[in-house]
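Chains as they are written, first to last, in my numbering: chain A, 433 to 889; chain B, 18 to 453; chain C, 6 to 600.
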Amino acid sequence: MKLKTFFLVALLSVAINSAAQEIPTGDLLVRNATVLTITNGTLENTDVLIQDGIITAVGEQLSASQDVPVIDATGMYVMPGIIDAHSHIGISNVNESSAPVTAQVSVGDVLNPYSIAIYRALAGGVTSSHVMHGSANVIGGQNETIKHRWGLLDPDELRMAGAPRTIKFALGENPTRVHGRGNNKRPASRMGVEYVLRETFAKAQRYQEAWAQYEENAKTNPRAIPPAYNSQLEVMANILSGDILIHCHSYRADEILMLLGVLEDFGVDQITLQHVNEGFKIAPELAEFGATASVFADWWGYKFEVYYSTAYNAAILTRNGVLTSINSDSGELNRHLYHEAAKSQKYGDLSDDEALALITINPAIQLGIGDRIGSIEVGKEGDLAIFDRHPLSVYAINQKTVVDGIVYFDVETDTDDMRLIVDPESTVDTVVLHSHDDTHQCLYEGSLDLYDFLESN
Amino acid sequence: MMSIFYSLLIAVTLLFPPSLEKTDTVTALTNARIVTVTQGTIESGTILIQDGKIIQIGMNVDIPEDARVIDLAGLSVYPGMIDSGTQMGLIEVGSLPETRDASELCDLSPQMKALTAVNPNGVAIPVTRVSGVTTVLTVPSGGMLPGQAALINLHGYTPQQMFAGFEGVILRFPATGRRGRFDSRSEEEVKKAADEAMKKLNDTWDSAELHNRIDSTYQTRPEDGRKPEYVPSMEALRDVIRGEQTLIIQVNAANDILAAIEWVQARDIDRVLFSGLAEGWRVADKIAETGIPCLVGPVLSIPTRQSDRFDKAYKNAGLMHAAGVKIALRSDDTANARNLPYHAGFATAYGLPIEEALRAVTINPAEIFGVSDRLGSLEVGKEATFFVSDGDPFETATTIHHVFIAGYEIPMESRHTRLYEEFLQRSPGLHKHGQD
Amino acid sequence: MNVNYSTFAVAVCCIVLINQPVKAQVNSGESVPDVTRTIALTNAHVIQSPGQIQEQSNVIIRDGLIVAVGPDAAIPFDAIEISADSLTVYAGFIDGLSHTGIPQPRQQPEQERPDDPAFPPNELAGILPHRDVRGLLDPKDKRIASMRESGFTAAHVVPRGRMLPGLGAIILLGGDTPNEMVYRGETSLYAQLSGARRMYPGTDMAVIAKLRQLYRESERRHRVEQLYSENPTGLERPRYDPVHYAMFPVLEGNRPIYFQTDDVLDLHRVLSVQEELGFPAVLTGLSQSFDAIDKLKSANLPLLLTLELPKELRKDKKEPPTDSTKATPTDAPVALPEVMHLDYDPDLRVTSFTDIAIEKENLEARRHMAYKTHVSNAATLEAEGLSFGFSTGGASPSDLLTNVRKMVDEGLSETAALAALTTTPAQILGLTSSMGTVEVGKMGNLVVTKGSIFDEDGEIQYVFVDGRKYDVEPPKKSSGGGGESGANPVGTWSLTISSPDGEIAGTLTISGSDDDWSGTLIVEVDPEAAPLEYIAMTDNVLTFSFNAGGFGTISSSLTLDADSMNGSFDVPNVGPVSVSGTRTSGPEKSTQFYD
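Dropping the structure here:
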């Protein structure tokens with residue numbers, strides 16, 4: 433990682449600035465709840481104390497100073513804030529679909545803290561989302577892990593500072609349709625997808641070597657000429673060095689095995705497969721590689737590569753030792769991920785803890801933040817969802833959502849109109865009618881792309 | 018390429034033909050908690066079925082000696098759930114046009130019949146019915162008058178065997194709402210487009226009424242009149258105008274619902290349903306006044322306005338019911354129409370009384386579609402279409418143990434269950450077939 | 006678009022002529038020849054600079070310069086004397102940024118498809134940091150005269166385009182040839198978060214990534230170029246390329262990037278990338294800066310606030326009704342209290358249909374508050390101690406003064422408003438030694454008004470540009486805007502169909518006349534022309550439908566405004582997709598910019 437001393441300072445400055453951002457944190461005492469810790473079982477009549485945004489105590493009859501706000505959660509269920517491992521909320525762009533490789537772009541550059549979808553997710557108990565680039569490209573853009581701090585207007589305040597960088601990859605129908613059939617450019621097949629991956633990784637290795645050689649030369653030769661700067665290969669090199677985690681949109685078993693082979697050859701050992709509808713077929717191979725899976729609870733049938741699906745996917749993967757999460761990929765589903773997780777009890781009889789882990793600690797681990805969020809433990813960040821019933825019941829209603837010890841959603845006191853900005857020119861009854869297709873990003877990517885339709889004719 | 022795909026499809030369906038264990042002999046379901054929906058709940062009772070019908074229900078039922086007995090101790094029987102809006106059988110794989118038969122090209126094609134295009138071997142059919150959804154309205158889409166929806170049971174070798182006794186002409190009422198996230202038209206443009214569509218609708222209806230008059234005249238006095246032109250779309254609307262066919266109006270925005278009410282009244286349409294009603298709660302009093310039944314949903318959807326409270330879509334059904342509107346629920350889905358009970362569950366969590374939520378997926382749609390003599394509740398003389406569960410069917414932890422459709426006991430399997438069985442513990446596991 | 010701009014730019018640079026004698030107006034045919042270049046405005050109320058007033062003063066202009074200001078300034082023998090007894094003299098206004106003088110091209114830039122959309126040529130991708138706006142000036146652009154009639158005498162103009170449209174220049178809003186108009190060139194690099202259509206960079210995030218790449222690689226090439234110029238021996242010759250080399254003055258701190266921000270999200274994004282790369286920058290647009298005040302303060306960059314405001318809805322107007330007993334004409338102002346209660350209840354909970362009326366009022370009140378927030382944006386900046394100049398980009402010339410007055414009504418001080426029109430843009434643009442105040446030695450750029458420019462009744466009488474007098478007709482009292490009667494859709498239109506992941510180009514051809522239209526549509530992805538059906542033209546809205554194969558029947562509604570159209574295609578199962586277009590040919594009568 434001693435590449436690019438030439439550019440280092442500037443590249444780091446962003447991270448430094450966002451780290452320096454004053455993110456507000458709060459103190460909070462939640463009293464007398466049924467606490468679903470996820471990693472440490474269910475605790476009855478238990479208090480959770482958060483100080484400066486960090487959980488400092490979990491136990492009975494905790495005390496806190498007078499000025500700490502108290503929530504009486506008698507009869508309620510407290511769980512860790514829900515984490516959505518695959519989302520496209522709160523960003524202005526999803527796909528930079530012009531090229532099969534766009535590693536250099538990042539949705540983190542186009543965060544939109546005004547998006548009402550963030551508040552709606554918060555209302556469903558979701559405190560963090562992994563907002564992702566779309567799946568038009570074999571190597572798509574970088575993603576961003578955000579916390580739902582509704583009401584903070586600086587996009588930087590949405591970022592979960594310190595969360596590992598991640599990048600979107602995509603296999604199968606979407607990239608072959610967009611580039612192969614759309615632009616007559618590779619990849620037009622799953623064979624081509626493999627070689628887009630291999631070539632790009634190989635170029636990144638050459639790029640690393642060229643810079644290493646320059647650094648070496650520069651020690652003795654002040655007139656050494658640095659190689660051409662390539663922001664895309666910079667990012668690819670960061671993947672090779674393990675600094676960026678891959679989250680790969682993938683469906684079919686064969687293409688996933690192909691990906692694992694490529695990663696093995698290039699020494700990349702961390703991978704989260706997104707959607708992975710046929711993951712169940714190769715659960716033993718995934719477990720052996722150490723790959724993790726982030727799946728839909730029950731989405732299938734919207735395109736050919738999800739035709740041979742089963743809603744038992746999460747259960748089969750879990751039972752075979754594959755760390756699995758359930759995600760939304762949708763501004764509708766993300767409001768009831770607790771219900772999506774509950775479906776794993778219908779489809780495969782997961783235990784309560786196993787089911788809740790699908791939307792808490794497991795996605796946290798996949799995002800490299802398992803030590804910070806995803807369970808109720810001392811030392812973790814104070815992100816909670818407080819339900820009136822057990823959250824795996826269809827009748828459960830989230831009452832309060834807490835991020836960093838601050839209540840950002842309260843079913844009792846929040847008003848109807850929670851918009852942060854209002855269009856001064858629009859009439860008040862502007863109605864947007866959503867269909868399932870419309871709210872579902874992957875469906876959109878799969879079939880509702882306008883020029884895709886035009887092209888298919 | 019597509020032919021390979023089709024042969025795949027056919028291969029799959031041949032492997033798993035629908036099972037037709039129609040019981041000529043009596044089947045007795047005993048020791049069951051029987052949720053009749055219309056006549057209360059029997060905590061422990063027996064249902065006798067024969068020839069596809071329920072012949073007895075009660076706490077003290079004599080079981081014929083040769084009856085097949087299924088002991089349902091600890092389990093509950095509910096009437097099969099009815100989804101009042103899907104595209105079941107019309108769409109196989111969403112993104113593949115070759116497998117989509119839900120839309121015709123014209124804007125005005127009310128003569129198109131969804132039933133014609135229902136594929137009894139659609140893979141979603143078993144996936145749906147093993148979740149207790151036994152009957153669905155399958156709806157064509159596209160254009161202003163996309164065709165006729167059909168109520169089908171999710172079992173049968175032919176569309177006709179599946180047909181559950183109701184068809185209705187779909188009208189997509191001119192909308193002033195924006196459709197989707199990327200609709201960036203100005204408000205004037207939205208309004209204008211709706212006005213134009215409204216004009217087109219009225220022109221169409223004028224023609225249909227005229228066509229009807231010509232036809233009526235010809236029927237009564239063939240010697241005076243002329244045989245009307247052959248215009249199939251007008252003939253389809255003629256049945257609606259004469260009150261012989263139901264018109265199902267898809268309408269969502271509050272102002273559009275009001276406009277639709279006005280239009281229905283102005284056109285004096287007798288048999289009419291509303292479908293969709295995303296903003297029904299806003300004008301629920303006005304809908305209630307008309308008595309028009311509403312097929313509401315999806316419940317699991319996002320509010321129509323940015324300024325709406327986050328849970329308005331969840332609450333919609335409950336608020337409409339509270340205002341006196343007769344409602345049935347729809348998933349507006351196909352692959353996941355199996356989630357109908359969860360739409361009902363969410364509606365319940367957000368204010369629809371649970372008994373009413375159950376009615377909204379059973380007897381209400383049966384009544385609304387005019388098939389309550391056959392479906393919608395557990396009563397003697399009705400079809401034996403029901404499911405058996407180990408608990409509240411709206412809860413995800415509940416398992417459905419049996420499903421009967423018109424007396425046929427449905428095998429409790431689908432692609433999803435079969436893949437589960439095959440792959441939970443895959444054999445061979447890792448490293449077989451000689452590869453390291 | 007393959008003009009060799011660099012060559013052209015060099016040619017233009019060599020002939021920057023500012024003190025040319027004023028020529029008779031060529032195009033008016035019969036104008037009387039000028040006999041003197043000396044003008045004396047006598048006995049005027051002179052606002053020399055914001056807050057600095059001279060009563061009953063004379064202002065003497067000679068050879069394009071202000072040569073004397075004051076009560077005692079002598080009137081030269083050769084002066085044309087203009088009695089300004091009841092008039093006020095301001096420094097000529099300076100437009101911080103716009104496309105004035107660069108008409109919207111009638112011919113859309115070629116919709117050429119690159120061989121590989123991943124690596125398009127810079128020209129197609131809208132990356133033209135070397136393109137000089139001076140090569141694009143058209144003295145006949147109608148906006149020049151209409152801007153001048155609103156008191157603007159100089160403007161910082163930049164090319165139209167996408168991500169990096171090119172180099173800006175300061176122009177005078179008078180003159181018959183481009184060269185006469187140009188005051189200074191290569192003043193700035195213009196940038197916007199505006200992607201290319203269906204090629205890289207297509208989205209905002211890709212524009213930002215492209216800017217990073219371009220900037221970092223320019224830094225490297227700059228360094229290599231330095232090493233080579235110090236001593237070429239042993240070094241491979243660095244290759245010239247106009248794009249990276251055009252960035253060198255930016256890297257050296259000598260050429261600020263004027264970065265357009267259309268909303269608060271743009272603003273955050275531009276500030277982030279500016280902070281990251283560290284280029285000299287001026288922020289323009291800023292229409293929602295009220296939501297990012299702290300960040301603007303810490304960024305401490307020069308600001309150019311757009312004079313565009315949200316459309317004022319009828320109910321936002323404050324005038325009382327003329328007579329409430331009479332039927333109110335639809336576009337007459339209605340008093341707010343009659344339209345709604347202005348009290349916004351932030352705690353309102355809507356429980357059922359019974360609350361709908363209250364909800365509507367409440368939302369309307371909130372919308373009105375949002376309108377006020379936008380209009381008071383300038384006042385907010387002032388109150389927060391952030392100084393700014395005005396830019397006219399995006400705003401219609403006829404709205405400029407109206408909008409300044411609205412801002413003043415919402416709390417912007419007249420001093421700050423005048424500074425934003427004169428001294429602050431002069432500072433930002435490096436023009437203080439020649440423009441922005443009514444002082445001896447400055448250029449003869451003046452605005453002469455009857456009444457205060459900030460009063461609704463204030464009227465501009467004369468505008469002086471470079472010492473040349475322009476009479477201003479009193480504004481026609483129809484502030485209705487366009488008012489085109491019976492728009493004509495005939496012609497060929499170049500369409501842009503916006504799908505969220507990129508744009509699709511199309512060509513729409515309409516022929517015929519009222520109620521007998523015909524037409525076709527070709528989209529770039531399908532060479533087959535689709536015949537249009539149900540074509541209708543109502544007022545200025547064009548509607549039609551066409552069959553897109555298995556995709557269904559697409560109906561379309563497009564609103565025409567002269568040679569542009571906007572609207573949508575309603576795509577079955579997809580929903581409406583927005584469409585915009587420009588007329589590329591016909592009908593004859595609407596040839597506005599070229600005669």
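Note that beta-carbon positions come from the ideal geometry of N, C-alpha and C, so glycine has one too. Fair warning: this is a prediction, and the values are worked out from it, not measured in the lab.
A straight-line Cα-Cα distance of about 40 Å links C/H379 and C/F551. Rounded to the nearest whole angstrom, the CA to CA distance from C/G190 to C/R260 is 11 Å. Looking at C/E387, C/T407 and C/G398, the one whose alpha-carbon comes closest to that of C/T420 is C/E387. Chain C has a Cβ within less than 8 Å of the Cβ of A/Q536.
Residues of the same chain with a CB within less than 6 Å of the CB of B/V281, apart from the 5 flanking positions on each side, are V289 in chain order. With its beta carbon at least 8 Å from every one in chain C, A/A595 lies outside the interface. Comparing alpha-carbon positions, the option among A/V510, A/H565, A/N653 and A/P658 lying closest to C/R225 turns out to be A/P658. Assigned with DSSP and collapsed to three states, C/Q109 falls in coil, not helix or strand. Across the stretch 341–355 of chain B, no CB contact with chain C closer than 7 Å is found for any residue.
Per the DSSP secondary-structure output, A/D842 pairs in a beta bridge with A/K832. A buried status is given to C/R371, since no fewer than 16 other beta-carbon atoms sit within 10 Å of its beta-carbon. Counting only Cβ-Cβ distances below 8 Å, C/N545 has no contacts in chain B at all, with the closest Cβ about 10 Å away. Residue pairing by DSSP places C/Q197 opposite C/Q265 in a beta bridge. Annotated three-state conformation of A/K617 is coil, per DSSP. DSSP places B/T221 within a helical segment (H, G or I) once states are collapsed to three.
Non-local beta-carbon contacts of C/V278 in its own chain, meaning distances under 8 Å to residues more than five positions away in sequence, involve I213, L216 and R217 in chain order. Burial state of A/V810 is exposed, judged by a 10 Å Cβ sphere holding fewer than 16 other Cβ atoms. In the structure shown, A/Q498 adopts coil according to DSSP, grouped into three states.
At a C-beta separation below 8 Å, B/A301 has these neighbours in chain C: S357 and F358.
Beyond the five residues adjoining it in sequence on each side, B/V248 comes within less than 7 Å, by CB distance, of H228 in the same chain, given in chain order. Separation of B/D349 and B/Q104 (C-alpha to C-alpha, rounded to the nearest whole angstrom) is 8 Å. Using a Cβ-Cβ cut-off of 8 Å, C/L368 is close to S324 of chain B, given in chain order. Annotation: A/Y840 has no Cβ neighbours in chain C at a cutoff of 8 Å; minimum Cβ distance is about 17 Å. Identification of residues in the stretch 717–732 of chain A having a C-beta nearer than 8 Å to some C-beta of chain B yields E717, E720, D730, W731 and W732, given in sequence order. Against chain C, the beta carbon of B/R202 has neighbours under 8 Å at S562, G572, S573, P581 and S583, listed in chain order.
For A/R618, the CB contacts under 8 Å within the same chain, skipping 5 residues up- and downstream, are P532, H611, G612, G624, Y627 and V628 in chain order.
Just so you know, the alpha carbons of B/V78 and B/I66 end up roughly 12 Å apart. Judged by beta-carbon spacing, C/P164 lies within the 8 Å limit of C/R136, meaning their Cβ atoms are closer than that value. Using a Cβ-Cβ distance cut-off of 8 Å, the stretch 729–742 of chain A and the stretch 479–499 of chain A are not in contact, since fewer than three pairs of beta carbons, one from each stretch, lie closer than that value.
Taking all protein chains in view, the Cβ of C/I58 is surrounded by fewer than 16 other Cβ atoms within 10 Å, so the residue is classified as exposed. It is roughly 12 Å from the alpha-carbon of B/A167 to the alpha-carbon of B/A119.
Identification of residues in the stretch 282–297 of chain B having a C-beta nearer than 7 Å to some C-beta of chain C yields an empty set. Partner residues in the beta bridge of C/N571, as assigned by DSSP, are C/T564 and C/S585. Judged by DSSP in its simplified three-state form, A/Y627 adopts helix.
B/L125 places its beta carbon less than 8 Å from that of B/G160. The Cβ atoms of A/T559 and A/V835 lie closer than 8 Å to each other.
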